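Q:
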Amino acid sequence: MHPQAFIDYLAHYHGDRDYFECHEILEEYWKEVDNRNKQSLWVGLIQVAVSNYHHRRGNFHGAKKTLQKAALILSSYPNEVKQLGIDHQQLLNDIHKIQKEIDKALPYKSYYFPINDISLLDEVKKTCDSKGFRWGQKSNLENAEIVHRHMKRDRSNVIAEREKALQRQR
367 MHPQAFIDYL
377 AHYHGDRDYF
387 ECHEILEEYW
397 KEVDNRNKQS
407 LWVGLIQVAV
417 SNYHHRRGNF
427 HGAKKTLQKA
437 ALILSSYPNE
447 VKQLGIDHQQ
457 LLNDIHKIQK
467 EIDKALPYKS
477 YYFPINDISL
487 LDEVKKTCDS
497 KGFRWGQKSN
507 LENAEIVHRH
517 MKRDRSNVIA
527 EREKALQRQR
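If you read the sequence shown in our numbering, its first letter stands for residue 367, the second for the next number, and so on.
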């Protein structure tokens, strides 16, 4: 059984390619199950999505830095990654290849996780269907709502939470 957050992450990752949403989904889950562990497997997966977000926007420095962190973390979890249904060695090989492309400032290309668990793949495809996504579609580079999502989103709740935290500290 896979965590629903992971399935939703993969559905967005391979469906609408909303990497910002991938980050949001998995960050919430990470805070529930492994909060404050910045070396968590979940953080490594979050960083893969964040790197894609930066790379797609042409932020090669941010993409490289984030993908390096992801690779370091994910290399520490071979068994856990395999248990999630992902080919660990292929994932690391792919990350290394993408790092080289980023170093050369090559344009972003949609990436596909090496899912080797058929039941996970079926679950993710069904979730894509239920969300109205087409599994495996390439990123729509013309969709500013997704490509530049951090600039388009409503941050009022984040600002309010930060203000509450500051008030509690005082």
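Glycine included, C-beta positions come from ideal geometry on N, C-alpha and C. Since this is a predicted model, take the numbers as computed values, not measurements.
#1: What residue ranges within the region 406-432 form continuous beta strand (DSSP E) runs of no fewer than 3 residues, ordered along the chain?
#2: Compute the distance between the beta-carbons of residue 378 and residue 450, then report whether it is under 8 Å.
#3: In terms of residues, what are the limits of the alpha helix (DSSP H) holding residue 469?
#4: Could you pull the DSSP bridge partners for residue 481 from this structure?
#5: Can you tell me whether residue 514 is helix, strand or coil according to DSSP?
#6: Do you know offhand how far residue 530's Cα is from residue 398's?
#7: Give the single residue among 411, 469, 371 whose Cα lies nearest to the Cα of residue 395.
A: Reading off the structure:
#1: For the region 406-432, not a single whole beta strand (DSSP E) run of length 3 or above is found.
#2: no
#3: 454-469
#4: 452
#5: The pLDDT assigned to residue 514 is 49, lower than 50, so where the model puts this residue is not dependable, and the model offers no usable value.
#6: 20 Å
#7: 371
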